[in-house]
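Novice:
In the UniProt record's numbering, the protein residues as written are 1 to 195.
1. Whose C-beta lies closer than 6 angstroms to the C-beta of residue 88 among residues of the same chain, with five residues either side of it excluded?
2. DSSP puts residue 15 in a beta bridge; with which residues?
3. Which residues in the same chain have their Cβ closer than 8 angstroms to the Cβ of residue 68, if we skip the five residues on either side of it in sequence?
4. Run through DSSP, which three-state label would residue 111 get?
5. Specify, as a first and last residue, the run of the beta strand (DSSP E) that residue 36 falls within.
6. Which stretch, first to last residue, makes up the alpha helix (DSSP H) that contains residue 76?
7. Below 6 angstroms CB to CB, which residues in the same chain sit around residue 97 once its five sequence neighbours on both sides are set aside?
8. Are there 16 or more other CB atoms within 10 angstroms of the CB of residue 85, so buried, or fewer, so exposed?
9. Contact check, residue 151 vs residue 95 under 8 angstroms by CB: the rounded distance?
10. Distance check for residue 181 and residue 135, CA to CA, integer angstroms please.
11. Could you check the C-alpha separation between residue 141 and residue 165 for me, to the nearest Å?
12. Grouping DSSP H, G and I as helix and E and B as strand, with all else coil, what is residue 186?
13. Could you check where the alpha helix (DSSP H) with residue 83 kicks off and where it finishes?
14. Kindly indicate which three-state DSSP category residue 163 falls into: helix, strand or coil?
15. In whole angstroms, what separates the C-alpha of residue 26 from that of residue 107?
16. Taking the C-alpha atoms as reference points, what is the distance between residue 129 and residue 2?
17. Check residue 138 in the structure and name its three-state DSSP category.
18. Check each candidate in 189, 186, 176 and 110 and name the one with the smallest Cα separation from residue 48.
19. For the alpha helix (DSSP H) holding residue 124, just list the boundary residues, first then last.
20. Helix, strand or coil for residue 195? Go by DSSP, reduced to three states.
In structure tokens form, the structure reads like this:
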């Protein structure tokens with residue numbers, strides 16, 4: 001087709017505002033699971049995480065301003081349409097946002113590489129052992145550094161995916177988007193609801 005032009009604007013990200021936005025499930029017997037991304041820079045990873053989140057019933061994702069990759073056509077393509085249907089909120093400071101959610105009774109959990117040294121003494125659970133019994137935010141960290149020590153301090157516990165055999169040196173973890181899919185699958189089989 002010739003002579004067609006499309007003027008498109010960037011995908012809008014909603015600004016999170018605790019007083020205006022509510023992600024709590026209205027039924028008190030249910031709880032929700034949401035994702036927060038900390039400094040995930042590869043747009044293919046962000047898109048793949050969105051695709052897994054949508055597939056496993058998570059509808060809400062939080063991204064700190066200026067610390068993760070921008071929502072681009074590459075993210076959209078990798079998400080296979082999930083970018084367009086998820087509730088994606090931008091938060092000013094992840095630490096402040098998580099402190100507020102924790103004060104509201106939410107559980108804050110994070111991923112960690114198997115056998116990674118955690119900067120703060122917290123319990124690490126095998127992905128097969130986890131279940132959530134309250135509204136939870138799962139934090140996925142940077143591809144090389146993981147979750148920052150500042151955010152680790154806010155976590156109630158950590159989730160790890162153990163390998164099924166001895167690993168070769170330098171191959172000590174899963175890609176963040178693969179880890180997200182494995183953990184969300186485990187949570188979706190046990191959770192009552194996702195947000």
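Virtual Cβ for every residue (Gly too), placed ideally from N, Cα, C.
Specialist: In this structure, then:
1. The answer, listed in chain order, is 13 and 61.
2. Residue 15 pairs with 90.
3. Excluding its 5 nearest sequence neighbours in each direction, residue 68 has C-beta neighbours in its own chain below 8 angstroms: 37, 38, 39, 40, 41 and 46, listed in chain order.
4. When DSSP states are grouped into helix, strand and coil, residue 111 belongs to the strand group.
5. Per DSSP, residue 36 belongs to the beta strand (DSSP E) from 33–37.
6. Per DSSP, residue 76 belongs to the alpha helix (DSSP H) from 73–79.
7. Same-chain partners within the cutoff: 91.
8. That one is exposed.
9. Taking the Cβ atoms as the reference, residue 151 lies roughly 6 angstroms from residue 95, within the contact range of under 8 angstroms.
10. For residue 135 and residue 181, the distance between alpha carbons rounds to 19 angstroms.
11. Cα to Cα, residue 141 sits roughly 24 angstroms from residue 165.
12. Three-state DSSP puts residue 186 in a helix.
13. Note, residue 83: alpha helix (DSSP H), 82–85.
14. Here residue 163 sits in coil by DSSP.
15. Because the pLDDT of residue 26 is 42, which lies under 50, any placement of that residue in the model is unreliable, and the number read from its coordinates should be weighed accordingly. Whole-angstrom Cα-Cα distance: 17 angstroms.
16. The straight-line gap from Cα to Cα measures roughly 57 angstroms.
17. Residue state, collapsed to three classes: strand.
18. Taking only the C-alpha atoms, the option nearest residue 48 is 176.
19. Here residue 124 belongs to no alpha helix (DSSP H); instead the beta strand (DSSP E) covers 124–126.
20. Below a pLDDT of 50, predicted positions are generally treated as unreliable, and residue 195, at 48, falls in that range; no measurement from the model is reported.
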